[in-house]
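Going down the list, the protein sequences come from chains A and B. Mapping to the working numbering: the first sequence position 25 is 25, numbers consecutive. Mapping to the working numbering: the second sequence position 330 is 330, numbers consecutive. A short worksheet on the structure shown next.
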Amino acid sequence: MKKTQIVLLLVISIMIGALLVTLEDASVYATFEIADRQKPETVTVVAKVDLASPINFDPKTTLLTFNAIDKDGDSRSVVYNQPKPSDFERSEEITLTGHSTDLNFVATEILMKCPSKYTDDNELDTTGIYSVNF
Amino acid sequence: MDYIGEHSLISFLGRASVALSFAGALATVFFYSLYFFSSSEKKRYNHSGIKSAGRLSFAFHSIGVLGTIGILFTALFNHWFEFDYVWRHSSMEMPMKYIASCFWEGQEGSFLLWTTWHVILGWVLVGTAKKWEFGTLMLLAMVQVFLTSLLLGIYIGDLKIGSSPFILIRELPENIGLPWTELRDYLIRLPSLRNGQGLNPLLQNYWMVIHPPTLFLGFASVTIPFLFALTGILEKKYYEWVIPALPWTFFGISILGTGVLMGGAWAYEALSFGGFWAWDPVENSSLVPWLTLVAAGHLMMIVKHKKSAPASALFLTILSFLLVLYSTFLTRSGILGETSVHAFVDLGLNGQLITFLGFFSIGSIFIYLFHWKNFPKSPSEEAFSSREFWMFIGSMTLLISAAQITFSTSIPVLNKFIGPEGILPILVNPMAPPADAAKHFNSLQIPLALVITSLLAIGPFLRWKETPNALFNRILPSFIISIIISALCIWGLELFNPLYAALLFVSIFGVFSNADYWIRIVRGRWTTSGMALAHLGFSLVLVGALISNGKKEAISTNATYIHEDFPSNENILLPLNDTVSMYPYYVAWRNERTEGHNRVFDVDFYETEGASTWDDFKRPELKPAFTLNPFIQINARMGNVREPSTKHFWNRDVYTYISYADLRPLNEKNGDWSEPMEAVLESGEEVFLFNEYLLYCDTLNVQNASINQNSGEIEHLDLELDLILKSMNGGETNLTLPYHLDGNEAQTSEIELEEKGLKFRFDGVATAEGKFNITAWEKNNGDPPFVLLQAFIFPYINLLWLGSILMGMGTLLAVWKRVYRAINENKK
Numbered sequence: 001m002k003k004t005q006i007v008l009l010l011v012i013s014i015m016i017g018a019l020l021v022t023l024e025d026a027s028v029y030a031t032f033e034i035a036d037r038q039k040p041e042t043v044t045v046v047a048k049v050d051l052a053s054p055i056n057f058d059p060k061t062t063l064l065t066f067n068a069i070d071k072d073g074d075s076r077s078v079v080y081n082q083p084k085p086s087d088f089e090r091s092e093e094i095t096l097t098g099h100s101t102d103l104n105f106v107a108t109e110i111l112m113k114c115p116s117k118y119t120d121d122n123e124l125d126t127t128g129i130y131s132v133n134f
Numbered sequence: 001m002d003y004i005g006e007h008s009l010i011s012f013l014g015r016a017s018v019a020l021s022f023a024g025a026l027a028t029v030f031f032y033s034l035y036f037f038s039s040s041e042k043k044r045y046n047h048s049g050i051k052s053a054g055r056l057s058f059a060f061h062s063i064g065v066l067g068t069i070g071i072l073f074t075a076l077f078n079h080w081f082e083f084d085y086v087w088r089h090s091s092m093e094m095p096m097k098y099i100a101s102c103f104w105e106g107q108e109g110s111f112l113l114w115t116t117w118h119v120i121l122g123w124v125l126v127g128t129a130k131k132w133e134f135g136t137l138m139l140l141a142m143v144q145v146f147l148t149s150l151l152l153g154i155y156i157g158d159l160k161i162g163s164s165p166f167i168l169i170r171e172l173p174e175n176i177g178l179p180w181t182e183l184r185d186y187l188i189r190l191p192s193l194r195n196g197q198g199l200n201p202l203l204q205n206y207w208m209v210i211h212p213p214t215l216f217l218g219f220a221s222v223t224i225p226f227l228f229a230l231t232g233i234l235e236k237k238y239y240e241w242v243i244p245a246l247p248w249t250f251f252g253i254s255i256l257g258t259g260v261l262m263g264g265a266w267a268y269e270a271l272s273f274g275g276f277w278a279w280d281p282v283e284n285s286s287l288v289p290w291l292t293l294v295a296a297g298h299l300m301m302i303v304k305h306k307k308s309a310p311a312s313a314l315f316l317t318i319l320s321f322l323l324v325l326y327s328t329f330l331t332r333s334g335i336l337g338e339t340s341v342h343a344f345v346d347l348g349l350n351g352q353l354i355t356f357l358g359f360f361s362i363g364s365i366f367i368y369l370f371h372w373k374n375f376p377k378s379p380s381e382e383a384f385s386s387r388e389f390w391m392f393i394g395s396m397t398l399l400i401s402a403a404q405i406t407f408s409t410s411i412p413v414l415n416k417f418i419g420p421e422g423i424l425p426i427l428v429n430p431m432a433p434p435a436d437a438a439k440h441f442n443s444l445q446i447p448l449a450l451v452i453t454s455l456l457a458i459g460p461f462l463r464w465k466e467t468p469n470a471l472f473n474r475i476l477p478s479f480i481i482s483i484i485i486s487a488l489c490i491w492g493l494e495l496f497n498p499l500y501a502a503l504l505f506v507s508i509f510g511v512f513s514n515a516d517y518w519i520r521i522v523r524g525r526w527t528t529s530g531m532a533l534a535h536l537g538f539s540l541v542l543v544g545a546l547i548s549n550g551k552k553e554a555i556s557t558n559a560t561y562i563h564e565d566f567p568s569n570e571n572i573l574l575p576l577n578d579t580v581s582m583y584p585y586y587v588a589w590r591n592e593r594t595e596g597h598n599r600v601f602d603v604d605f606y607e608t609e610g611a612s613t614w615d616d617f618k619r620p621e622l623k624p625a626f627t628l629n630p631f632i633q634i635n636a637r638m639g640n641v642r643e644p645s646t647k648h649f650w651n652r653d654v655y656t657y658i659s660y661a662d663l664r665p666l667n668e669k670n671g672d673w674s675e676p677m678e679a680v681l682e683s684g685e686e687v688f689l690f691n692e693y694l695l696y697c698d699t700l701n702v703q704n705a706s707i708n709q710n711s712g713e714i715e716h717l718d719l720e721l722d723l724i725l726k727s728m729n730g731g732e733t734n735l736t737l738p739y740h741l742d743g744n745e746a747q748t749s750e751i752e753l754e755e756k757g758l759k760f761r762f763d764g765v766a767t768a769e770g771k772f773n774i775t776a777w778e779k780n781n782g783d784p785p786f787v788l789l790q791a792f793i794f795p796y797i798n799l800l801w802l803g804s805i806l807m808g809m810g811t812l813l814a815v816w817k818r819v820y821r822a823i824n825e826n827k828k
């Protein structure tokens, strides 16, 4: 076997290795129920902020506490030890990365999706049409 | 129907230009490909005819593209908001200097930008490629056919082909058939068409003016080596293609690299990601083609020297271009929506993008495999001590690095295939990107970076074919210096993570060995300095990235309030005007104000005189050091954005941003007012106020009065009431309350005593003779306003920027070296 062929074989095997490690590192999109089952493994949950229950933010300890409802309709108390994102209440959907504990879901990262980003604002407002005289 | 004030003709001309550029590209493909389908005899005979026809078609294509740009700029410049693109991306208020940013904010404009660079580079090819012109321009025109088709905006049945930047708002699918579109004068009647949505404030900065053109020039210059590679295969010039392709490859490495790093600099300067690289999918997808292009460039040099074994160079050159297309697909199809903060919006062009990607992937891979057996094989094995062997290893390592980043970035694509709703539902739950992106990428990429960097440290000292043992001694001095210096750095910076320490050593080795090579062997001759400078720059980028990120220190640690369940975090609470210790500084939030879109905060930093340890800090002499102005951009479209402010020192940056703030105006959040207290007083009378003060009514002054001669009623009256506020401790404060009467309208104003937290109003003369109505409020003593601040120190980050500049310069010198030689050869 030639050296280049050996190198190529090595390259391919390292690539497969890297792919496996990547798959191993990847987290899953889960629901709170799955998060509970897999605790304390880190998962990613797509949920909505429950606006009916209180959203508390204590600036001194930078602790945000709120309830979130996942797509199965399960509700959990979520704690997030970071400053409250601005327009938090306006978010349509939030992506929580974190893990379940016996008490609640501890989020380490929150990504927000704001519906206003592209839809609401970019709709042409035709309500203000001046009176039409035919 | 004629619509009043609408620029329908311009819209038509715009679409006609796009159509011309599309047709011109098709014609270019047709004429140039005639050459390939004719027999060799005819080739010689038809040669010049084909060339002229092809060039003429490409000229038409170019006119179309330039016309499209010109018309779109005209529409943007004149604020013709009946154009959807203009309405969506610009507004009357926007400063004209950002007009270019509006141009490429949308997908259509950025495709146009890419197309334009291809046109410009295409003409350079026409002028320089000589016998390569047929193949390269034929393939370039094919790329242009796809790119311009993305701007066509026509429907064939239900199939949408492209998205036109010249579509009028009334022609949008969602507006067709609405009553207002039938009005001849809709432009006058619809107030919302008088102004556009405006450029996203986040993109209103100079980075948005320079970053996209650089990045797209980088993307466009990845195309050119691909054209040469494929033409090389088609014309069976399996290794000759590298000669004209090499300068283009280095040009691409330089520009694309600069573009990618510019994106990092933008993120660092203007976004609060907390660093210059966040391993975001969009960043990754522009880094990956750069990595493979660097590998391709090195493999081409091997081919050039050996005049054989082109398989891997061809493969990586083609792959780089395919990865640019893949990156376009990732960032523009909306597939990254959930995983990236700055992907484009879905325009419904996914089918077309996949066709674009599929056509070139399948086409070029087919051609490659079809010719595979004809590729000349290397006559001899490379020696272990040869430059080409280690260059090959380095290129393969770059390929692995690119592949790994691509895997991780493609997780959303993988979900489409094997996710629960995919074609082959293997997974029960869809995969999400790694929870800790930095940790994931670092653990895999640092070992690869170790290999690459040690190779670029040693590589320059190796010789083609075989390196005599004596030559190894040349590396020794820089090796020894690097060991000493990196040991000092590791000890001084306390960088004890073994992977980081190892990478720091090899990067420092890379810096010194290439500097040594530049001084001792190249002796600073500019034409041949390219390699050493580029390698030195790359090593410096790594040193800078490693130290600034590895030793990034959060100085805003909240040491006062710690939640029982969580470690203290990196947000410090700053009450207004309170000086808080944030080692090694003291900070105070002094003020806030509104500037345009931004709420700007003034944060003063203080140093302590002569204090060096924590103990000395207890009774400090504070000396103002500098003021930073982090701000929050009020952005209705994207959500508010926290923008950092950074103090640059030669050896470190102090980087801060406001991580939380109450966005009400300062006076509103500065405590609320109590219920009003009303008093009726006459001159000389006193009243007990808020358990603390005595309010003494002194005199009433009539400043101005006029009486209507006819009716005898008061027409105009200005009064001032002098009061004295007596504190319990004997202090007295004078205050004067105004009152104006104009006909029947009274004007009163509230007078605030800020230091006492009181305000008063004179409500006029009471019904009882000689008495005055006064209202008073006291401020509720709530918590003072506060903000949360994050502050980081990035040590030695300037090494990273210095390295970037050197790398850009070095790769450009490598281009110059080849251009210079080509010119000189022509002269002979």
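All residues carry an ideal CB built from backbone N, CA and C; glycine is no exception.
Drop a sphere of 10 angstroms on the beta-carbon of E643 (chain B), count the other beta-carbons inside from all chains shown, and report buried for 16 or more, exposed for fewer. On the second sequence, residue 643 (chain B) is found 643 positions in, with the first residue counted as 1. Under this definition E643 (chain B) is a buried residue.
Out of B:F509, B:Q404, B:S486, which has the shortest C-alpha to C-alpha gap to S454 (chain B)? Taking the first residue of the second sequence as 1, we reach residue 454 (chain B) at position 454. Of the candidates B:F509, B:Q404, B:S486, the one whose C-alpha sits nearest the C-alpha of S454 (chain B) is B:F509.
So what does DSSP say about T748 (chain B), is it helix, strand or coil? Working through the second sequence from its first residue, we reach residue 748 (chain B) at position 748. Residue state, collapsed to three classes: strand.
Does DSSP put V815 (chain B) in a helix, a strand or coil? For the purposes of this step, residue 815 (chain B) is taken as the residue at position 815 of the second sequence. V815 (chain B): helix per DSSP, three-state reduction.
Would you kindly report the start and end of the unbroken alpha helix (DSSP H) that includes F538 (chain B)? Reading the second sequence from its first residue, position 538 is the one you call residue 538 (chain B). Counting along the chain, the alpha helix (DSSP H) containing F538 (chain B) begins and ends at 530-550.
Using 10 angstroms around the beta-carbon of Y206 (chain B), count the other beta-carbons present and answer buried if the total reaches 16, otherwise exposed. Here residue 206 (chain B) refers to the residue found at position 206 of the second sequence. Exposed is the call here.
Which stretch, first to last residue, makes up the beta strand (DSSP E) that contains L681 (chain B)? Along the second sequence, read from residue 1 onward, the residue named residue 681 (chain B) stands at position 681. From DSSP, the beta strand (DSSP E) with L681 (chain B) extends over 677-682.
CB-CB under 6 Å to S706 (chain B), same chain, minus the five flanking residues each way: which ones, in chain order? For the purposes of this step, residue 706 (chain B) is taken as residue 706 along the second sequence, with counting starting at 1. Hits under 6 Å: E715, H716.
Rank A:I34, A:I55, A:V46 by C-alpha distance to the C-alpha of E92 (chain A) and give the top, closest one. Position 92 of the first sequence, counted from the start, is the residue given in the question as residue 92 (chain A). Closest option to E92 (chain A), Cα to Cα, is A:V46.
Do three or more CB pairs link the region 67-82 of chain B to the region 127-135 of chain B at distances below 8 Å? no
Which of helix, strand or coil does DSSP assign to S131 (chain A)? Locating residue 131 (chain A) in the first sequence gives position 131, counting from the first residue. Below a pLDDT of 50, predicted positions are generally treated as unreliable, and S131 (chain A), at 37, falls in that range; no measurement from the model is reported.
Close-in-space but distant-in-sequence residues of the same chain around E678 (chain B) (CB under 6 Å, 5 per side omitted): Locating residue 678 (chain B) in the second sequence gives position 678, counting from the first residue. These residues qualify, in order along the chain: T775.
I need the DSSP call for S91 (chain B), collapsed to helix, strand or coil. Your numbering for residue 91 (chain B) matches position 91 in the second sequence. Coil at S91 (chain B), not helix or strand.
Exposed unless 16 or more other CB atoms sit within 10 angstroms - verdict on L695 (chain B): Taking the second sequence and counting its residues from 1, the one referred to as residue 695 (chain B) is at position 695. With 16 or more other Cβ atoms within 10 Å, it is buried.
Boundaries (first-last residue) of the alpha helix (DSSP H) holding I169 (chain B): The residue labelled residue 169 (chain B) in the question sits at position 169 within the second sequence. It is not in any alpha helix (DSSP H) - I169 (chain B) carries neither H nor E in the DSSP assignment.
Got a sec: is the Cβ-Cβ distance from V28 (chain A) to anything in chain B below 9 Å? Translated into the one-based positions of the first sequence, residue 28 (chain A) becomes position 28. It does; some Cβ of chain B falls within 9 Å.
Using Cβ-Cβ distances below 9 Å, what residues of the region 434-445 of chain B are close to chain A? P434, A435, D436, K439, H440, S443, L444
Using the beta-carbon of each residue, which ones in chain A are nearer than 9 Å to G524 (chain B)? The residue given as residue 524 (chain B) occupies position 524 in the second sequence. In chain order: nothing, as chain A lies at least about 35 Å away.
Which residues, in chain order, does the region 661-693 of chain B contribute to contact with chain A at a C-beta distance below 7 Å? none
Between F251 (chain B) and D185 (chain B), what straight-line distance do the alpha-carbon atoms span, to the nearest angstrom? In the second sequence, counting from the first residue as 1, residue 251 (chain B) sits at position 251. In the second sequence, counting from the first residue as 1, residue 185 (chain B) sits at position 185. Their Cα atoms are separated by approximately 52 Å.
Whole-number beta carbon distance between F772 (chain B) and F912 (chain B), since they are thought to touch under 8 Å: Only positions 1 to 828 of chain B appear in this structure, which leaves residue 912 (chain B) out of reach.
How many Å lie between G833 (chain B) and S110 (chain B) at the Cα? The question about residue 833 (chain B) has no answer, for chain B in this structure spans 1 to 828.
Determine the extent of the beta strand (DSSP E) in which V282 (chain B) is found, giving its start and end residues. Locating residue 282 (chain B) in the second sequence gives position 282, where the first residue counts as 1. Careful: V282 (chain B) lies outside any beta strand (DSSP E), inside the alpha helix (DSSP H) at 281-306.
Identify the contact partners of N67 (chain A) in chain B, using a Cβ-Cβ distance below 8 Å as the criterion. The sequence position of residue 67 (chain A) within the first sequence is 67, counting from 1. Those do not exist, as N67 (chain A) stays about 18 Å from chain B at its closest Cβ, beyond 8 Å.
Could you tell me the alpha carbon to alpha carbon distance between S385 (chain B) and E466 (chain B), rounded to whole angstroms? Numbered from 1 along the second sequence, position 385 holds the residue referred to as residue 385 (chain B). Numbered from 1 along the second sequence, position 466 holds the residue referred to as residue 466 (chain B). Spanning the two alpha carbons is a distance of roughly 5 Å.
Would you verify that the beta carbon of P76 (chain A) is, or is not, closer than 9 Å to some beta carbon of chain B? Residue numbering aside, residue 76 (chain A) sits at position 76 when the first sequence is read from its first letter. Per the sequence shown, residue 76 (chain A) should be read as Arg rather than Pro. Answer no: the Cβ-Cβ gap between R76 (chain A) and chain B never drops below 9 Å.
Length of the line joining the Cα atoms of V600 (chain B) and Y606 (chain B): The sequence position of residue 600 (chain B) within the second sequence is 600, counting from 1. The sequence position of residue 606 (chain B) within the second sequence is 606, counting from 1. So the two alpha carbons sit approximately 19 Å from each other.
Helix, strand or coil, according to DSSP, for L695 (chain B) in the structure here? Position 695 of the second sequence, counted from the start, is the residue given in the question as residue 695 (chain B). Here L695 (chain B) sits in strand by DSSP.
Does N205 (chain B) come out as helix, strand or coil in the three-state DSSP assignment? What you label residue 205 (chain B) is simply residue 205 of the second sequence in a count that begins at 1. Three-state DSSP puts N205 (chain B) in coil, outside helix and strand.
Compute the Euclidean distance between the alpha carbons of W104 (chain B) and P213 (chain B), then round it to the nearest angstrom. Position 104 of the second sequence, counted from the first residue, corresponds to residue 104 (chain B). Position 213 of the second sequence, counted from the first residue, corresponds to residue 213 (chain B). Cα-Cα distance, rounded: 9 Å.
For chain A, is any of its Cβ atoms less than 9 Å away from the one on L573 (chain B)? Residue numbering aside, residue 573 (chain B) sits at position 573 when the second sequence is read from its first letter. Yes, L573 (chain B) lies at the interface with chain A (some Cβ there is under 9 Å from its Cβ).
By a C-beta neighbour count over all protein chains shown, 10 Å radius and 16 as the cutoff for buried, is F688 (chain B) buried or exposed? Numbered from its first residue, the second sequence carries residue 688 (chain B) at position 688. The residue is exposed, with fewer than 16 neighbouring Cβ atoms inside 10 Å.
CA-to-CA distance, I6 (chain A) to M301 (chain B), given in whole angstroms: Walking along the second sequence from the start, residue 301 (chain B) turns up at place 301. Walking along the first sequence from the start, residue 6 (chain A) turns up at place 6. Answer to the nearest angstrom: the Cα atoms are 21 Å apart.
Does the CB of R184 (chain B) have a neighbour CB from chain A at under 9 Å? To locate residue 184 (chain B), count along the second sequence from 1; it is residue 184. Not one chain A Cβ lies under 9 Å of R184 (chain B).
I want to verify the contact list: residues of chain A whose CB lies under 8 Å from the CB of N640 (chain B), in sequence order. Here residue 640 (chain B) refers to the residue found at position 640 of the second sequence. The contacting residues are S86, D87.
Exposed or buried, T373 (chain B), counting other C-beta atoms within 10 Å across all chains shown (16 or more means buried)? Your numbering for residue 373 (chain B) matches position 373 in the second sequence. With the sequence shown as reference, residue 373 (chain B) is identified as Lys, and Thr is not the correct amino acid for it. By the 10 Å Cβ count, K373 (chain B) comes out exposed.
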